[in-house]
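Note sheet for the following structure.
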Amino acid sequence: MTQFLQFLGRTTRTGFTKLGRGTFFLLHTLGGIGSILPRPRLILNQMYAVGVLSFLIITISGLFVGMVLGLQGFYILSDFGAEETLGLMVAASLVRELGPVVTALLFAGRAGSALTAEIGLMKATEQLSGMEMMAVDPIKRIISPRFLAGLLSMPLLAALFSMIGILGGHMVGVGLLGVDEGSYWSQMQAGIDFQDDIVNGVIKSIVFGFVATWIALFEGYDTIPTSEGVSRATTRTVVNSAFSILGLDFILTALMFGD
Amino acid sequence: MQHTSTQDTLVGLFVAAGIVGLLFLALQVSNLSTFIEEETYTVTARFENSGGLKVKSPVSVAGVKIGQVKAISFDPTTYESLVEMHINAKYNTLPDDTSASIFTAGLLGEQYVNLVPGGSEEYLKEGSTIEITQSAIILEKVIGQFLFKSAEEKAETKK
Numbered sequence: 001m002t003q004f005l006q007f008l009g010r011t012t013r014t015g016f017t018k019l020g021r022g023t024f025f026l027l028h029t030l031g032g033i034g035s036i037l038p039r040p041r042l043i044l045n046q047m048y049a050v051g052v053l054s055f056l057i058i059t060i061s062g063l064f065v066g067m068v069l070g071l072q073g074f075y076i077l078s079d080f081g082a083e084e085t086l087g088l089m090v091a092a093s094l095v096r097e098l099g100p101v102v103t104a105l106l107f108a109g110r111a112g113s114a115l116t117a118e119i120g121l122m123k124a125t126e127q128l129s130g131m132e133m134m135a136v137d138p139i140k141r142i143i144s145p146r147f148l149a150g151l152l153s154m155p156l157l158a159a160l161f162s163m164i165g166i167l168g169g170h171m172v173g174v175g176l177l178g179v180d181e182g183s184y185w186s187q188m189q190a191g192i193d194f195q196d197d198i199v200n201g202v203i204k205s206i207v208f209g210f211v212a213t214w215i216a217l218f219e220g221y222d223t224i225p226t227s228e229g230v231s232r233a234t235t236r237t238v239v240n241s242a243f244s245i246l247g248l249d250f251i252l253t254a255l256m257f258g259d
Numbered sequence: 260m261q262h263t264s265t266q267d268t269l270v271g272l273f274v275a276a277g278i279v280g281l282l283f284l285a286l287q288v289s290n291l292s293t294f295i296e297e298e299t300y301t302v303t304a305r306f307e308n309s310g311g312l313k314v315k316s317p318v319s320v321a322g323v324k325i326g327q328v329k330a331i332s333f334d335p336t337t338y339e340s341l342v343e344m345h346i347n348a349k350y351n352t353l354p355d356d357t358s359a360s361i362f363t364a365g366l367l368g369e370q371y372v373n374l375v376p377g378g379s380e381e382y383l384k385e386g387s388t389i390e391i392t393q394s395a396i397i398l399e400k401v402i403g404q405f406l407f408k409s410a411e412e413k414a415e416t417k418k
């Protein structure tokens with residue numbers, strides 16, 4: 001019993017300590033952004049690693065998600081004779097939910113895990129301590145550009161995902177199943193509001209990008225510098241990011257769409 | 260990681276593609292294209308019941324959208340629904356005896372205001388009020404009437 005209580009207390013305490021460290025880490029990273037901006041080269045390299053290399057998985061997933069939405073939506077909507085609203089259904093589900101959420105989950109799996117592993121290994125091989133020895137702040141030099149790159153890439157990736165998804169839905173709905181081309185687009189335009197849907201979707205993707213990149217970088221920076229530690233940190237990145245993204249999505253949706 | 264110009268190009272392409280995606284969402288998917296404010300004038304109409312009409316519902320003449328509903332409020336003195344509509348200034352030749360009715364697009368579709376031009380020489384202008392209106396068709400009411408009627412008819416034929 002005492003042991004159990006001890007365990008409980010210890011876990012809670014380490015949890016809060018970690019959260020505190022994470023917050024300090026985040027503030028430090030944000031503080032480093034200012035000194036990174038005059039060196040866009042660093043950000044550009046990270047945009048390549050985080051954004052460009054995620055491009056393919058995002059577009060292909062987007063295409064298939066859109067196609068499935070088109071197919072499933074058509075079967076259900078045709079029961080009610082409302083195939084014309086297929087465009088609206090595909091666009092609304094992509095722009096509001098699936099675009100930001102699925103992109104963020106893929107982003108956490110594709111880019112987040114890579115970031116954790118990279119930084120974890122830098123720590124394990126004492127490259128970070130080496131930098132400190134040379135009076136280079138590793139957070140400013142290594143972490144901040146990666147953070148900024150993640151923050152910039154996520155909304156772009158999510159917008160791409162939604163766009164490709166809508167085109168995929170169009171391909172299946174209009175191309176294969178014979179929904180009217182005009183009503184696919186016009187119902188969509190009538191039903192999707194720029195302010196309520198598009199802007200909120202973009203805000204969501206920025207928030208998810210922020211959280212996913214933060215978690216990935218912090219887990220990497222906070223890793224136990226052994227090969228096992230790095231592997232655990234990578235796993236934690238994906239798990240924690242997924243939890244945070246889905247949990248935040250619920251909160252954001254409740255705030256944004258609950259009139 | 261070394262700096263190569265290919266990498267720069269790829270990042271450039273990626274950013275461009277992302278911006279294209281955002282523009283596509285804004286212009287092709289959403290109602291932003293109708294959002295770009297053109298000159299409009301405001302016309303009000305009083306309805307006994309405006310049903311499921313909402314702000315931003317379309318206002319159309321002969322099936323063509325010419326404006327949208329800007330505000331719906333309740334008039335506590337006449338107990339009517341006050342619908343304020345913004346109509347594109349291009350269409351400034353609507354007669355002032357135009358009538359307004361609330362229709363539903365399709366059986367379950369959105370409700371919209373349909374204007375039927377009258378024969379007057381005077382035109383509607385900023386601040387005009389449409390006098391002749393027809394309320395929204397409330398589906399429940401119509402079904403209720405229909406059921407009531409058919410029950411009545413049945414009772415009569417039985418006699």
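In the order they appear, the protein sequences are chains A and B. The opening residue of the first sequence carries number 1 in our numbering; numbering runs sequentially from there. The opening residue of the second sequence carries number 260 in our numbering; numbering runs sequentially from there. We put the CB at the ideal spot given by N, CA and C, even for glycine.
Under 9 Å between C-beta atoms of B/Q370 and B/G322 = no
Measure from the alpha carbon of A/M67 to the alpha carbon of each residue in A/L167, A/T85 and A/I76, then state which is nearest.
-> Closest option to A/M67, Cα to Cα, is A/L167.
With 9 Å set as the bound, which would you pick, yes or no: does the beta-carbon of B/A276 sit closer than that to a beta-carbon of chain A?
-> yes
Per DSSP, B/G326 forms a beta bridge with which residues?
-> B/V318 and B/I346
Quick one: Cα of A/G20 to Cα of A/T213, how far?
-> 17 Å
For A/D197, which residues in chain B fall below 7 Å Cβ to Cβ?
-> S289
What distance in whole Å lies between the Cβ atoms of A/F218 and A/F25, which are believed to be in contact at a cut-off of 8 Å?
-> 5 Å
Name the chain A residues whose beta carbon is nearer than 7 Å to that of B/L419?
-> With chain B covering 260 to 418 only, the question about residue 419 of chain B has no answer from this structure.
What in chain A is Cβ-close to B/L269, meaning under 7 Å?
-> Y48 and V52
If you run the structure through DSSP and keep just helix, strand and coil, what is B/Y338?
-> coil
Buried or exposed: where does A/E228 fall if 16 or more other Cβ atoms within 10 Å of its Cβ makes it buried?
-> exposed
A/D193: contacting residues in chain B (beta-carbon distance under 7 Å) = S289 and N290
Report the option in A/I192, A/V202, A/Y184 and A/L248 whose CA atom is closest to the CA atom of A/A82.
-> Checking every option, the nearest Cα to that of A/A82 belongs to A/Y184.
Could one say the Cβ of B/Q370 lies closer than 9 Å to chain A's Cβ atoms, at least one of them?
-> no
Taking 9 Å as the CB-CB limit, is B/F273 close to chain E?
-> The chain labelled as chain E is not found among the protein chains of the depicted structure, namely A and B.
With 8 Å as the limit, tell me which residues of the stretch 175–190 of chain A have their beta carbon closer than that to any beta carbon of chain B; keep them in chain order.
-> W185, M188, Q189 and A190
Using the beta-carbon count (16 or more within 10 Å), is B/N351 buried or exposed?
-> When all chains shown are included, B/N351 counts as exposed.
Locate the alpha helix (DSSP H) running through A/N45, then write down its first and last residues.
-> Boundaries of the alpha helix (DSSP H) harbouring A/N45: P40 to M47, taken from the DSSP string.
Cβ-Cβ distance between B/N290 and A/D180 below 9 Å | no
Name the residue from B/E307, B/T301 and B/K384 whose alpha carbon lies nearest to the alpha carbon of B/T336.
-> B/E307
C-alpha gap between B/L269 and A/L27, whole angstroms | Within the model, the alpha-carbon separation for B/L269 versus A/L27 is close to 31 Å.
Let me know the secondary structure DSSP gives A/L177 once reduced to three states.
-> coil
Since I believe A/G150 is in contact with A/A117 (beta carbons under 8 Å), could you give me their beta-carbon distance rounded to a whole number of angstroms?
-> The pair is not a contact, with the Cβ atoms about 15 Å apart (cut-off 8 Å).
Let me know the secondary structure DSSP gives A/F208 once reduced to three states.
-> Helix at A/F208.
Closest residue to A/V211 among A/T23, A/M47 and A/T2 (Cα-Cα distance) | A/T23
When we look at the beta-carbon of B/L282 and count the other beta-carbons within 10 Å, is it buried (16 or more) or exposed?
-> exposed
Listing by chain order, which chain B residues have their CB less than 8 Å from the CB of A/L156?
-> Per Cβ cutoff of 8 Å: F273, V274, A276, G277, I278, G280 and L281.
Candidates B/A414, B/V342, B/S379 and B/A275: which alpha carbon is nearest B/V302's?
-> B/V342
Using a Cβ-Cβ distance under 9 Å, would A/I215 count as near chain B?
-> no
May I have the straight-line CA-CA distance separating B/I278 from B/V372, to the nearest angstrom?
-> B/I278 and B/V372: Cα-Cα distance of roughly 36 Å.
Partner residues on chain B for A/F55, Cβ-Cβ distance less than 7 Å = F273
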